[in-house]
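Just so you know, the sequence shown maps onto residues 1 to 85 in our numbering.
Glycine residues also receive a C-beta, built at the ideal position from the N, C-alpha and C atoms.
These numbers come from a predicted model, not from an experiment.
Okay, so here's the structure we're looking at.
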Amino acid sequence: MTALPISTVRQQLFSLVQQVNDDHDTVTVVTKSGENAVLVAESDWNSIQETLYVLATHGGVRLLESALEAQRGEIEARELLDPDA
């Protein structure tokens, strides 16, 4: 993550947009008032938004926990109670 003063960001905006898209990194835009902003690639922003949506929905956290357990191999096979259901 890079932090730059807003005056530098104004001068280098086009190259910074290319940089965040190419490197999937962020640029913090620093202001004198301390009300900073972050420049992030749109594709990364969309991923962040989707992740937040999934986690906010009912069962989203449990789904994530299940996926992590499966990734670690912490799963067990079980018989279906009613295989025709």
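Exercise. Have a look at residue 40 and residue 72 and give me their C-alpha separation to the nearest angstrom.
Key: Residue mapping note: residue 40 aligns to position 40 of the sequence shown, counting from 1. Residue mapping note: residue 72 aligns to position 72 of the sequence shown, counting from 1. About 31 Å.
Exercise. Tell me, please, which residues DSSP counts as bridged to residue 38.
Key: On the sequence shown, residue 38 is found 38 positions in, with the first residue counted as 1. Looking at the DSSP output, residue 38 shares a beta bridge with 28.
Quiz item: How is residue 4 classed by DSSP in three states: helix, strand or coil?
Solution: Here residue 4 refers to the residue found at position 4 of the sequence shown. Strand at residue 4.
Quiz item: So, helix, strand or coil for residue 76, using DSSP?
Solution: Counting from one through the sequence shown, the residue named residue 76 turns up at place 76. The three-state secondary structure of residue 76, taken from DSSP, is coil.
Quiz item: Quick one, are the C-beta atoms of residue 2 and residue 28 less than 8 Å apart?
Solution: Here residue 2 refers to the residue found at position 2 of the sequence shown. Here residue 28 refers to the residue found at position 28 of the sequence shown. It is a contact, given that the beta carbons lie within the stated cut-off.
Practice problem: Reducing DSSP to helix, strand and coil, say where residue 22 ends up. | Solution: Residue mapping note: residue 22 aligns to position 22 of the sequence shown, counting from 1. Helix.
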